[in-house]
Every structure is written in C-alpha cells, then in structure tokens.
Amino acid sequence: MHCFSPTILINEINAAKDVHEVAASHARLSEIIKTLIDRGVHAKNITHIISSIADAVLDRLLHFALSESGVPPVAFAFVSLGSEGRGEQTLATDQDNAIIFEDVTEDRLDHVTNYFARLSTSICTGLDKVGYNFCKGNIMAMNPKWCQPLSTWKKYFSSWVAEANPQDLMELGIFFDFNCRYGEWQYVEEIKTHIKTIVKRRPVFFYLMAENTLLFKIPLNFFGNISVESKGPHADSFNIKHVMAMIVGFARIHAIQYSLDSTNTLQRLELLHGKGVFSTSTHSEIVESYNYLMKMRFRHQLGQIKLNEQPDNFVALLELSHSERGILKKIFAFVGTLRKKLSGMEQGDIFF
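Counted from 1, the sequence shown has number 309 at position 260 by the working numbering; the numbering is strictly sequential.
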C-alpha cells in the first residue's frame, strides 16, 4: 500500500524532471483514490487529496514553464477556475484557468502579451499531457481572451454583472469560483473587492444567477422516481454533476451575496450557516447530500477507469442498489427544495 500513498505521489511529482515523469506519477491517482474509498475515507478528504495532487502537478509545470520562458516581464497571477478553483476536482475534470497580469503601457503590451502566451501554452499543454484535458469551452490561460491585464479582468466582471443573462452565466459562473494558484494574490483580492462593490449596485444579478442555476434539472419525475435519459449515448442514466451543480450554485450565489471570500462549496456552506442564513438541520442535510453524491461520483468514475473507459458523470440506474436508489430519491427531493428557494429569490424568499 506504500505506493498508493498520496504523500509519496506528491513527493514524486515535486521531484519530477520533466512533464513525462509528472504524467507517469499522476497516472496512479485513480488507484490511490480507490484505496482511500475502500478504506472508508470521507469524500471531503478525498477531494482535498485530489486537489493537493493537482496543485503539486500545476506547481511543477509552472516551474518547467518559467524555466523555459525566462523571467516574467511583469508580475502576474495564475488562477484556477470552476471545480479547480473550488478545490472540488474529481477523476473526470478538465482544466479551467486564466492569467491576470500587471497593467502596462500600450507600448509594452504586445511584448508582455507574447510572453504570457508562450508561458500559458506551455502550462496548459503540460496539463493536458498529464491528464487534465484541454477545456472544451476553451476557458484556459492559453486563450488570449483569458490572459489579460488586471484592468481588463475588472471590466469583464463589471460587464458580466451588468449585462449577462442566465444562459451566459451558465458558462461564466466558473469565473466566480476563482483562486490564485501562483503569483500575485493581491490581484485576485482586488477583483474580489471589485465584485463585492459592483453586485451591491445591481441586486438583480442574484436573480439572474439563481435563474442560471435553475437551468439544471433534478432527475426526479412526477411520481417521485429517478428519471433518466431515454436515448442517446447516456440512455438509462442521469447526470450526477448536474445535481451537484444545484448545491454548488446555491452556495455560490449566497457566498457572493454575503461577501464571502471562500470558493469551496462546503466552506461556503459552513460560513453561511455561521451567519444564520439557514438552520443547523438544513446545513447538515445539504452537507450530507453533497458528500453522498460526491462519493457516488467517485465510485462511478473508478468503475469506468477499471473498464478502460473515459470517466464521466452519467450514472446508470443499473449501477445502483435498491437502497442507493432510495437514498438518491430523498436527496433529489431535498435538492428540489433548494430549487424552490432559488426560484423564489426575486420575492426575497432566501432565508430558512
């Protein structure tokens, strides 16, 4: 079991001499997670371990990229977004990241932009080789749109808060779960302060965020049974990520509303509970539901990896025992109550 130690794996990654060695070490991640689940390790601790390993990978790739590209011309921050920014990665996670760099004069902008284009391409390509696939939506630092000076990022967030509709926020929501992984933490703090200021001027933003979250449907039919896709590649299955997105979105909306800096869903829920946003019983039920879904998600993805399949988030009914189906029905019904709270947000029904 020694070779399945997360600490040993992280030490190997830290000592890797190139991207290929990082990839070889990272390839053992699924076996480590299987061992932890078999030992009954809590889902919250497993996600923390996965995030710690992902952080080690990124740190090493940043080291390689900076050594290759040379000293940065200006200060910058490399930030993780979405599940990476929340510290909630699973075994089926692509990369979402960006770069914020120091504002520079117009005559220096091309030089600075070209440097970070090379740096970000090296980092994102390395992540893809290790196993963190390129983002299908191209939300990566190697996309020039997401490699910009601080002032441009502030304009982005101002525009999103002022003009975005729910469908836009389906894609842009991950930017509100951003976390500095390297470099100038104050750039991220400046943007967070900027967000706190601008959302106060546009309360309707929270209603739009709520509508965005409501775009995710709970897989429960009129009769209280689990509903699944009827055809296509995922027939007879449901998307467990979409159920969890309801909880993630619920926590995100209220975290922004209450000016919380944390991006992790469970931490956000704990802080919101501390502020009296909802009762102890509601907090406990949300946390238990989230952890149960996350553990089921891990088991599903490990089962696919064992069959040499690409891990995803579509859980088939055949995978579930009778008792698991019963538990899921209760969880889905509870998450449905969160949906109702969000749907009533415009009327001020946001407290428990």
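Think of the CB as a built atom: it goes at the ideal place given N, C-alpha and C, for glycine as much as any other residue.
On a predicted model such as this, the values are computed, not experimentally measured, just so you know.
- Beta-carbon to beta-carbon, Ile247 and Leu366 are separated by about 44 Å, too far to satisfy the 8 Å threshold.
- Assignment of Leu264 by DSSP, reduced to helix, strand and coil, places it in the coil class.
- For Phe165, the enclosing alpha helix (DSSP H) has its first and last residue at 155-179.
- The beta carbon of Tyr164 is closer than 7 Å to those of Ser118, Pro121, Pro122 in its chain, skipping five residues each way along the sequence.
- By the criterion of a C-beta distance shorter than 6 Å, Lys245 is surrounded in its chain by Ser308, once the five residues flanking it on both sides are discounted.
- Residue burial annotation: Gly134 is buried, with at least 16 other C-beta atoms found within 10 angstroms of its C-beta.
- Cβ neighbours of Arg317 within its own chain (closer than 8 Å, five residues either side excluded): Ala300, Arg301, His303, Ala304, Leu309, Ser311.
- Between the C-alpha atoms of Phe183 and Val384 there is a straight-line separation of about 31 Å.
- For Gln316, the enclosing alpha helix (DSSP H) starts and ends at 314-323.
- In the DSSP assignment, Cys229 is bridged to Val128.
- C-alpha of Phe113 to C-alpha of Thr174: approximately 12 Å in a straight line.
- Beta-bridge partners of Ile102 (DSSP): none assigned.
- Distance from the Cα of Arg230 is smallest, within the candidate group Gly180, Leu107, Ser116, Leu78, for Leu107.
- Cβ contact annotation for Lys66 (same chain, cutoff 8 Å, sequence separation greater than five): none.
- Going by DSSP, Ala73 is part of the alpha helix (DSSP H) stretching over 68-75.
- The continuous beta strand (DSSP E) containing Phe150 extends over residues 146-150.
- Taking a cut-off of 8 Å for Cβ pairs, the region 344-351 and the region 249-264 do not touch, as fewer than three such pairs fall below it.
- With a threshold of 16 other beta carbon atoms within 10 Å, Ala124 falls short and is exposed.
- A contact between stretches requires three or more CB pairs, one per stretch, nearer than 8 Å, and the region 72-89 fails this requirement with the region 182-200.
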